[in-house]
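Asker: Below is the structure I would like to discuss, written out as structure tokens.
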Amino acid sequence: MILYKYMSLSGAMKAIETSSIGFTHLEDFNDPFECTALGFKAQSNSFTTSKIAQNACRNRFSRGYVVLSLTRQPLNPLMWAHYGDSHQGVVIGIDVEEANLHSLSDNFIPYQLGEVIYTKTKLHNDLDLISEDELMDIGQNILFEGNIFNLAKELFYINH
């Protein structure tokens, strides 16, 4: 399957020269809805504990994982305007199987599980405080984006 990445001309030239493509850290996303759906229930005696856990979780994902934002649409005006350097950039096709973006064992969220969920309201899923191992099972909370971006039809590939 071919998915598409929009980028500036200079970004495309660098990708060709280095045979690599840039990923984005979660903290550098441009949508305030992204990566905010995850929280923790306040313990009966400590709201602070849940906020500390929430910030630690967000920091762990933010620094430890990177995202490659792709789309199925090579001719998307929204993507051209935003990621394609105001219609002056390029779009490249990536064979996701050849690039190993599909492997369940090698990737945190492979492309086929990375369908972005667009929502009108900012979601917040309050979980009980959890262990570090359980933290890795909740990665799909990253996949929420504001409804304003729904024309992008993005898929996120997430790895560490």
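The opening position of the sequence shown corresponds to residue 319 in my numbering, with each subsequent residue numbered one higher.
All C-beta atoms in this analysis are idealised placements derived from N, C-alpha and C, irrespective of residue type, glycine included.
Assign M397 to buried or exposed, taking buried as 16 or more other Cβ atoms, counted over all protein chains shown, within 10 Å of its Cβ.
Answerer: What you label residue 397 is simply residue 79 of the sequence shown in a count that begins at 1. When all chains shown are included, M397 counts as buried.
Asker: What is the DSSP secondary structure of K438, reduced to helix, strand or coil?
Answerer: Residue 438 sits at position 120 when you count from the first residue of the sequence shown. K438: coil per DSSP, three-state reduction.
Asker: Let's test the definition: count the other Cβ atoms within 10 Å of the Cβ of T342 and tell me whether it reaches 16, buried, or not, exposed.
Answerer: Looking up residue 342 in the sequence shown gives position 24. It counts as exposed.
Asker: On the DSSP letters alone, give me the boundaries of the beta strand (DSSP E) that G411 sits inside.
Answerer: Stepping through the sequence shown from its first residue, residue 411 is reached at position 93. Counting along the chain, the beta strand (DSSP E) containing G411 begins and ends at V408 to D413.
Asker: Closest to S328 by CA distance: which of I410, S423 and L419 is it?
Answerer: Numbered from its first residue, the sequence shown carries residue 328 at position 10. Of I410, S423 and L419, the residue nearest in Cα terms is I410.
Asker: So, with DSSP's three-state summary, where would you put M331?
Answerer: Translated into the one-based positions of the sequence shown, residue 331 becomes position 13. In this structure, DSSP gives M331 a helical state, which the three-state scheme calls helix.
Asker: Does the pairing of the region 320-327 with the region 400-410 give three or more beta-carbon distances under 8 Å?
Answerer: yes
Asker: Return the residue from the list V385, H405, G382 and V384 that minimises the CA-CA distance to L393.
Answerer: In the sequence shown, counting from the first residue as 1, residue 393 sits at position 75. The shortest C-alpha separation from L393 is found at H405.
Asker: In the DSSP output, what is E416 paired with across the bridge?
Answerer: Working through the sequence shown from its first residue, we reach residue 416 at position 98. According to DSSP, which records beta bridges pairwise, E416 is partnered with nothing at all.
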